[in-house]
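A quick write-up on the structure given underneath.
2 protein chains.
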Amino acid sequence: MKYQITFLPQNISTHAPEGTTVFNAANWAGLAIDSTCGGRGTCGKCKVQLRSGANSITEADRKFISDPELAGGWRLSCRAPIHQDSICDVPRLMTSPQAALLGYGRHVAIDPNVAKVFLELAEPTLDDQQSDLARVVAALDKEGYAAHALPDVWRALPKTVRASDWKITCVLVGDELIALEPGDTRAKMYGIALDIGTTTVVCALVNLNNGAVEAVQSALNAQAPFGADVISRVSHTMMNDDGLAVLQSRIIATINGLLDQQLSATGIARENIYEAVAVGNATMLHILLGIDPEPISVAPFIPAILESVTLPTSDLGLRTHPHARLTTLPHLGAYVGADIVAGILATGIARNKDDKFRLFIDVGTNGEIVLGSSARTLSTAAPAGPAFEGAQIKCGMRASDGAIEGVEIRDGEIHLQIIGGVVRPSGICGSGLVDIVAELVKCKLVESSGKLLRPEEARALGISEKLIARLVEENSVRAFSLGNDIVLTQPDIRALQFAKGAIAAGVQVLMQQLGVAANDLHEILLAGSFGSYINPASARTIGLVPWVDDVKKIVAVGNSAGEGAKIALLNFREREAAKRIPEFIEYVELSGRAEFNDIFTDALAFPVQES
Amino acid sequence: MKYQITFLPQNISTHAPEGTTVFNAANWAGLAIDSTCGGRGTCGKCKVQLRSGANSITEADRKFISDPELAGGWRLSCRAPIHQDSICDVPRLMTSPQAALLGYGRHVAIDPNVAKVFLELAEPTLDDQQSDLARVVAALDKEGYAAHALPDVWRALPKTVRASDWKITCVLVGDELIALEPGDTRAKMYGIALDIGTTTVVCALVNLNNGAVEAVQSALNAQAPFGADVISRVSHTMMNDDGLAVLQSRIIATINGLLDQQLSATGIARENIYEAVAVGNATMLHILLGIDPEPISVAPFIPAILESVTLPTSDLGLRTHPHARLTTLPHLGAYVGADIVAGILATGIARNKDDKFRLFIDVGTNGEIVLGSSARTLSTAAPAGPAFEGAQIKCGMRASDGAIEGVEIRDGEIHLQIIGGVVRPSGICGSGLVDIVAELVKCKLVESSGKLLRPEEARALGISEKLIARLVEENSVRAFSLGNDIVLTQPDIRALQFAKGAIAAGVQVLMQQLGVAANDLHEILLAGSFGSYINPASARTIGLVPWVDDVKKIVAVGNSAGEGAKIALLNFREREAAKRIPEFIEYVELSGRAEFNDIFTDALAFPVQES
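Line order of the protein sequences matches chains A and B. Note that numbering that gives the first Met the number 0 has the first sequence beginning at 0, numbered continuously upward. Note that numbering that gives the first Met the number 0 has the second sequence beginning at 0, numbered continuously upward.
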């Protein structure tokens with residue numbers, strides 16, 4: 000159930016699910032209402048006037064708003080959930096917020112979940128015998144913050160306030176007061192954004208005062224020796240009593256290793272890292288949290304947790320401030336994980352103010368697909384298999400030095416783009432595979448069915464002899480030679496067909512369900528470490544993505560998962576929005592759908608090319 | 000600011016401070032409104048109709064109450080704070096709640112902060128892919144509970160639900176889901192109530208299903224070798240770098256020792272102890288929590304924490320369920336601690352439905368005093384010194400075997416009551432001291448000024464020769480012999496005068512402030528390990544308590560601190576009420592008051608006895 004809410008005087012409307020606060024809906028619509036407390040109803044700054052749709056008066060409203068104003072529909076927007084179509088007058092937007100350009104061209108205001116509040120407290124006297132805690136809590140309340148102090152803060156209190164002449168900096172993470180620091184330490188406030196891939200882990204060390212990325216680095220997930228994909232990782236936890244503990248310690252060691260390097264490179268102190276936001280697929284995040292992932296891997300595919308969770312980093316052994324918090328973004332389903340939610344956040348799909356349809360695909364072993372507009376959005380996962388990662392391809396390899404990552408055929412000549420600037424290629428990576436097949440389809444050496452022509456068949460079509468000369472046969476397997484012993488075989492083409500067919504079929508299921516045709520799509524966003532390198536035209540040529548009229552509609556958006564994690568780290572409104580994404584994106588389970596196999600079979604073919 | 004709230008159809012009124020919920024005010028008035036969720040707005044059972052005084056509609060109201068009902072003033076009483084005089088119709092009181100008789104004749108409903116909820120969950124399918132967590136949360140929501148699961152619960156989830164055929168018992172402490180247990184374990188639910196005295200620690204192991212005290216035991220506080228009183232304990236923390244850590248480990252060892260004995264005596268499993276409530280003076284609770292108590296001991300006497308706090312017992316090293324929670328009751332001031340708040344809870348003073356004045360005194364080294372009616376209540380602490388504990392008294396001793404604990408003079412004969420039934424006494428404990436002085440005052444051997452008469456002075460008044468024969472003098476110190484080398488000296492009498500004078504002066508300051516005369520007092524409640532053994536008539540005779548006309552108004556109420564802790568353990572409403580006690584009991588700091596010294600000087604004398 001969604002309601003329309005219109006914001007005046009800008010006259011901007013958006014659809015928001017039942018129960019969304021006006022505050023969050025405004026952010027969704029691109030209007031950041033002023034607030035210092037993080038939408039907890041304690042600072043009173045986010046007052047708006049509901050011209051229609053006002054209902055409940057909360058205790059927080061009562062604290063900040065007079066009775067006549069309440070009667071006039073004034074409410075704290077962060078405490079006002081939407082239960083009907085509403086019109087809202089917003090008097091006070093964040094005035095020139097500091098912003099960072101993140102994700103897919105998104106301006107994100109710097110408004111993190113971590114806050115540092117400098118307090119100059121009055122010394123106690125016989126006439127003012129408040130406890131130290133009450134004194135700090137009252138001073139924070141005056142600044143608009145309501146926070147619960149951790150036991151270690153109680154312990155630090157008496158000495159810290161007295162040793163620092165009653166001048167302290169309070170560190171708040173969400174509604175928790177996690178630390179007291181002597182003097183004014185506001186300048187030092189950092190967090191980390193973690194993108195935990197099955198293969199690669201990326202850590203970005205972010206300055207929470209200005210959004211600057213102080214360091215960003217990736218490392219191989221140290222779980223790699225236990226298998227390349229999530230299935231083999233889960234198997235390891237099932238086969239070994241200490242399997243889960245070992246895999247958990249590996250990913251934590253990976254993160255700590257990245258963090259150690261970044262701290263020593265930047266000179267930033269570990270104690271000034273107060274928060275982490277982690278994204279990744281459901282299996283990776285289950286293992287990170289120390290939760291058995293087994294039920295994710297067998298029907299009916301049930302994660303222990305799909306929800307966003309927060310816990311102390313110390314619970315995991317991450318070497319940050321001892322009371323820092325780690326928050327995960329939610330998953331949409333067992334196989335559409337927090338990395339995709341982060342991608343949705345980073346690309347802004349499903350929240351655009353226009354009503355246009357956008358398609359988001361994270362291409363990989365598991366192809367995650369999101370399709371929709373602000374009115375309705377669906378997601379699913381398609382089992383593409385490992386072809387896009389260069390596995391099970393005769394000359395396939397990962398996208399590393401020596402891999403052919405791009406191929407063009409001009410006037411019968413093959414032009415190769417090779418990673419690392421080397422001259423002699425050693426294999427073909429996923430994007431090269433897509434390119435070469437696309438080029439062969441375009442010059443008709445590969446038929447729509449996927450069949451690689453014999454020389455005589457090619458000649459009958461008048462194809463250049465230079466290309467025909469490259470058609471080879473080895474042990475009765477036909478292939479196309481790229482020179483230097485690199486070939487593309489008929490089975491390689493079949494493997495790619497299966498991979499792209501699975502994704503294309505997933506896309507079609509969603510398009511059918513929404514009644515969307517290819518040219519209704521406003522944008523196709525290709526994400527992930529593979530998707531970002533794919534040639535949009537080639538993706539269209541092989542039918543990995545629907546045949547949109549304008550190839551410019553197909554855009555590579557880079558590591559949208561990591562970008563989304565950064566956005567959630569830097570802006571609490573965006574994080575809250577991300578937490579609610581699963582509430583309004585429907586997860587479609589393909590393995591339960593009868594029509595999927597038929598669609599998949601049809602999707603194996605390459606689109607018939609215009610000549 | 001207090002408002003009057005009247006409950007219909009019972010027509011019972013009470014005064015409640017601004018912001019008290021209707022739910023809590025009803026409990027205060029002795030009406031336990033039905034609820035299963037602990038007043039968190041999630042079960043919807045506590046619906047009432049506010050005939051006047053209704054205001055805010057909350058989200059929780061909206062969930063459980065229809066629009067016409069909302070318009071008619073129906074609200075969830077646990078979400079409805081009082082901001083004006085109100086009239087409230089209560090349709091549904093707890094139906095025949097199981098209750099226990101606790102404290103000073105209080106019937107306390109068994110309604111603990113711990114809840115065990117047995118769930119039979121539907122197995123997931125491809126059509127029902129909720130996460131395990133969402134499945135449990137939804138089932139709990141249906142039962143009226145909204146709880147946050149701890150990380151260890153996430154970890155236990157997948158295996159526990161599957162191994163127990165989706166039949167589990169959820170353990171909630173407050174709004175935290177701390178454990179999942181396979182099958183139905185509701186029968187096993189225990190907590191401990193801790194009264195942490197400077198000298199003695201009492202642990203009661205309580206069955207939270209029926210209120211039965213399965214075991215209760217006391218032990219010497221293992222901090223005793225570091226000094227008898229709070230000042231010497233604080234000194235130890237100041238003089239030694241590890242002083243606080245050592246004292247903390249001592250008190251925790253004391254508690255763990257008591258708990259171990261009780262568990263082995265009862266056969267109850269450690270894992271079924273889910274909660275602890277602790278009371279004690281501010282210094283003892285600071286040390287228990289590992290917080291520096293030094294600022295409590297020097298002007299302006301500032302505790303780090305006066306507030307009620309909750310933390311995991313594991314944070315302290317208490318050997319309960321690993322995720323059990325410990326809650327402390329709040330303190331009223333640096334020297335009126337949570338033990339007194341517990342006493343206020345146990346005796347029900349300051350919340351009686353009548354408007355009568357009651358005086359509560361915990362007699363000891365530090366005399367804590369509470370005086371008031373439901374309209375207004377004051378508290379203070381008077382520095383009585385160690386006389387009541389038998390210290391600095393020539394033949395003084397603790398109340399142990401051989402101590403004279405009661406004295407009566409009949410027809411010139413001395414009748415002694417000796418602890419342990421021994422024949423030959425070894426000294427005088429506090430209650431014996433009060434008795435012997437009271438008897439000597441009554442027979443006029445001691446003057447109002449405190450002077451012990453010489454034999455010739457006594458003879459002039461016609462006092463029995465049997466008694467005069469007991470007047471002795473040693474090194475020019477006059478004394479009264481009790482036989483067996485036990486004497487009461489003139490300095491002993493002076494010491495008692497100082498002790499009782501301090502308490503009496505404290506009482507007078509409060510009585511003056513409230514404009515209360517002795518005979519306005521409806522009851523005088525003597526509490527604490529000493530107060531409970533004192534002879535009420537003797538207390539009146541020496542002027543320790545105001546001269547009330549009827550000695551039956553003076554009542555010993557036993558260990559009210561321990562009883563209050565049990566009440567807070569067994570009933571969440573009572574606990575919430577206890578947390579708010581500091582909001583409406585004013586703390587009077589005697590050391591800041593000019594008139595105290597004059598009143599104290601006057602209070603040294605014994606009341607002139609009627610003949």
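Quick reminder that beta carbons are idealized off the backbone N, C-alpha and C, glycines included.
For T20/B, the CB contacts under 8 Å within the same chain, skipping 5 residues up- and downstream, are G38, S76, C77, R78, A79, P80, I81 in chain order. Counting only the Cα atoms, A478/A lies some 6 Å from Q489/A. Contact annotation: S430/A and F529/A have beta-carbon atoms nearer than 8 Å.
DSSP places A53/A outside any alpha helix (DSSP H), giving it a letter other than H or E. An exposed status is given to E122/A, since fewer than 16 other beta-carbon atoms sit within 10 Å of its beta-carbon. For F497/B, the enclosing alpha helix (DSSP H) starts and ends at 489-513. Inter-residue distance for C87/B and Q511/B is about 36 Å (C-alpha atoms, whole angstroms).
In the structure shown, K166/A falls within a strand segment according to DSSP collapsed to helix, strand and coil. The three-state reading of DSSP puts K450/B in coil, since its state is none of H, G, I, E or B. Within chain B, the residues I56, R61 have their CB atoms less than 9 Å from the CB of N54/A, given in chain order. Using beta-carbon distances, W165/A does not count as an interface residue toward chain B, since no partner is under 8 Å.
In this structure, A227/A is the residue among R539/A, K46/A, A227/A with its C-alpha nearest to the C-alpha of T282/A.
Nearest to L513/A by C-alpha distance, out of L525/A, E472/A, V587/A, Q216/A, is V587/A. For the pair of segments examined, the region 546-553 of chain A was found not to touch the region 168-185 of chain A: the number of CB pairs separated by less than 8 Å stays below three. Put simply, of N365/B, A244/B, N206/B the residue whose alpha carbon is nearest the alpha carbon of I267/B is N206/B.
In the same chain as L101/A, and ignoring 5 residues on each side of it, the C-beta atoms closer than 6 Å to its own belong to V107, E562, K565, I566, in chain order. Residue range 73-75 is occupied by the beta strand (DSSP E) that includes R74/B.
The residue among G143/A, T319/A, T312/A, V278/A with its C-alpha nearest the C-alpha of H330/A is V278/A. Of all residues in the region 295-320 of chain B, only A298, P299, F300, I301, P302, A303, I304, L305, E306, V308, L310, D314 place a beta-carbon less than 8 Å from a beta-carbon of chain A. The alpha-carbon of A386/A is positioned some 15 Å away from that of Y532/A. Cβ contact annotation for L568/B (same chain, cutoff 7 Å, sequence separation greater than five): P111, G190, A192, V205, E274, V276, in chain order. Counting only runs of at least 4 residues, the region 198-271 of chain B fully encloses the following alpha helix (DSSP H) elements, listed from N- to C-terminal order: 229-238, 242-265. Ranked by how close their Cα comes to the Cα of G591/B, the residues E58/B, G505/B, A602/B have G505/B in first place. Under the DSSP assignment, P294/B falls in the alpha helix (DSSP H) whose first and last residues are 293-296.
In the three-state DSSP reduction, P581/A falls in the helix class (H, G or I). The Cβ-Cβ distance between A323/B and T312/B falls below 8 Å. Following the DSSP letters along the chain, one finds P16/B inside the beta strand (DSSP E) bounded by residues 11-16.
Distances from the CA of G420/A to each of R493/A, L444/A, A155/A, G405/A were compared; the closest alpha carbon is that of G405/A.
With 16 or more other Cβ atoms inside 10 Å of its own Cβ, S85/A counts as buried.
Contacts with chain B at 8 Å (Cβ-Cβ) include T124/A. One thing to note: G366/B has its Cβ within 8 Å of the Cβ of A380/B. Going by beta carbons, G72/A and L92/A fall outside the 8 Å limit. Not one beta carbon of chain B lies nearer than 8 Å to the beta carbon of Q416/A. In the displayed model, I598/A falls within a helix according to three-state DSSP.
The beta carbons of I403/B and I392/B sit no closer together than 8 Å. Annotated three-state conformation of E573/A is helix, per DSSP.
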